[in-house]
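S.K.:
In the working numbering, the protein residues as written are 54 to 372.
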């Protein structure tokens with residue numbers, strides 16, 4: 054038997070002692086942008102069409118989307134029925150939770166890692182208690198976080214994507230890797246609870262993809278979690294569809310990131326180049342749409358792309 058680290062030795066500090074890099078002023082007001090970035094206008098048309106057909110529109114994202122302050126745009130799209138599912142990672146829980154609870158989030162890693170303080174903040178550790186309770190109640194991970202924020206009087210819950218998902222009955226599925234997130238450092242972290250609730254979220258994500266024919270999958274800034282979870286889920290729904298003489302191949306994918314890609318995004322990068330290992334490219338823009346779908350890539354910041362997509366959808370909605 055191998056020895057393990059004793060987490061009871063850890064000293065946690067209150068969030069009041071942490072210097073935060075972001076506060077509520079980061080959250081952008083809901084307002085149209087002056088122009089449409091890249092091919093987001095075309096993607097917006099597919100989103101609107103998918104809603105009319107009852108096909109799924111999935112928004113996958115990394116935690117930097119929350120840090121970019123575009124919550125109001127995403128929540129508004131959810132409220133208007135343009136989002137079927139949001140798939141994200143564990144760090145998004147942390148930022149959404151902290152914003153909702155104290156109106157601030159994000160610490161200086163370089164500063165706090167020096168003294169072993171990074172991530173070890175008392176209030177943020179409450180997330181572990183929510184997750185442990187969720188397993189007993191058979192709740193999904195994102196569902197449990199949204200329920201806690203929505204029902205427990207968090208002062209800034211109006212900025213919470215997780216609370217909006219719970220309120221609107223739109224799954225905000227959270228796909229974690231144990232050890233990735235600061236709450237996994239805490240003494241009250243129970244790995245089994247995280248695994249069970251996140252796996253339930255994965256199966257909910259797969260269920261949404263059953264309606265992907267004619268739909269849209271969008272990935273904002275998730276270079277590993279998003280494309281990998283999507284790839285496995287798509288294999289599962291295509292497996293079942295094939296048994297029923299159906300196909301899931303006519304849909305649209307969008308990747309928004311800061312990587313520089315060539316003009317022809319529809320061909321894989323050579324295996325000898327670094328671009329081959331950028332999963333959103335080969336997985337979302339090439340391989341999974343090769344049999345009848347279409348794909349788009351937009352290089353811009355989240356604070357530009359999501360407001361621009363929202364603006365394009367609003368223009369179509371007002372016709």
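Positions of the beta carbon are idealized from the N, C-alpha and C atoms, including for glycine. Model, not experiment: these values are computed from the prediction.
Suppose the cutoff is 7 angstroms on Cβ atoms and the five residues either side in sequence are ignored; what does the same chain contact list for residue 90 look like?
M.R.: Taken in chain order, the residues that qualify are 351, 353, 357, 358 and 361.
S.K.: Sort 329, 75 and 286 by Cα distance to residue 161 and report the nearest one.
M.R.: Measuring from the Cα of residue 161, the nearest candidate turns out to be 75.
S.K.: Does the region 214 to 234 come into contact with the region 242 to 254, if we say contact requires no fewer than three beta-carbon pairs (one atom in each stretch) closer than 8 angstroms?
M.R.: At 8 angstroms Cβ cutoff, the stretches touch.
S.K.: Quick one, which of 340, 324, 106 and 349 has its alpha-carbon nearest residue 308's?
M.R.: The option with the nearest alpha carbon to residue 308 is 349.
S.K.: Three-state secondary structure (DSSP) at residue 370?
M.R.: Reduced to three states, the DSSP call for residue 370 is helix.
S.K.: Can you list, in chain order, the residues of its chain with a C-beta nearer than 6 angstroms to that of residue 79? Leave out the 5 residues immediately preceding and following it.
M.R.: 122, listed in sequence order.
S.K.: Using only alpha-carbon positions, find the residue among 272, 63, 182 and 368 that is nearest to residue 172.
M.R.: Selected option, being the one with the closest Cα: 63.
S.K.: Once you ignore the five residues that flank residue 250 on each side, which residues in its own chain have a CB closer than 7 angstroms to its CB?
M.R.: Same-chain partners within the cutoff: 184, 187, 188, 192, 193, 194 and 197.
S.K.: Residue 342 and residue 320 look like a contact to me (Cβ under 8 angstroms); what is the Cβ gap, rounded to whole Å?
M.R.: So it is not a contact: roughly 12 angstroms between Cβ atoms.
S.K.: Can you tell me whether residue 349 is helix, strand or coil according to DSSP?
M.R.: The answer is strand: DSSP assigns residue 349 an E or B state.
S.K.: Which one or two residues does DSSP pair with residue 157 in a beta bridge?
M.R.: DSSP output for residue 157 lists 76 as bridge partner(s).
S.K.: According to the Cβ coordinates, are residue 110 and residue 269 closer than 8 angstroms?
M.R.: Yes, the Cβ-Cβ distance between residue 110 and residue 269 is below 8 angstroms.
S.K.: Less than 8 angstroms between C-beta atoms, sequence neighbours within five positions excluded: which residues of the same chain meet that for residue 61?
M.R.: Answer for residue 61: 240, listed in chain order.
S.K.: Rounded to a whole number of angstroms, what is the C-alpha to C-alpha distance between residue 85 and residue 213?
M.R.: So the two alpha carbons sit approximately 21 angstroms from each other.
S.K.: In this structure, what does DSSP give as the bridge partners for residue 273?
M.R.: DSSP, once it has assigned bridges, lists 114 and 309 as partnering residue 273.
S.K.: For residue 140, which residues does DSSP report across the bridge?
M.R.: According to DSSP, which records beta bridges pairwise, residue 140 is partnered with 113 and 226.
S.K.: The alpha helix (DSSP H) spanning residue 251 covers which residue range?
M.R.: It spans 244 to 262 - the alpha helix (DSSP H) in which residue 251 sits, taken as one unbroken run.
S.K.: For the candidate residues 95, 66, 57 and 87, whose alpha-carbon lies nearest to that of residue 369?
M.R.: Of the listed residues, the one whose Cα sits closest to residue 369 is 95.
S.K.: Closer than 8 angstroms is the cut-off here; do at least three beta carbon pairs connect the region 162 to 171 with the region 215 to 222?
M.R.: No, because fewer than three Cβ pairs between the region 162 to 171 and the region 215 to 222 fall closer than 8 angstroms, the two stretches do not touch.
S.K.: Are the region 262 to 280 and the region 97 to 116 in contact at 8 angstroms, needing three or more beta carbon pairs?
M.R.: Verdict: yes, contact present.
S.K.: Alpha carbon to alpha carbon, how far is residue 99 from residue 335? Give it in angstroms, no decimals.
M.R.: One C-alpha to the other measures close to 21 angstroms.
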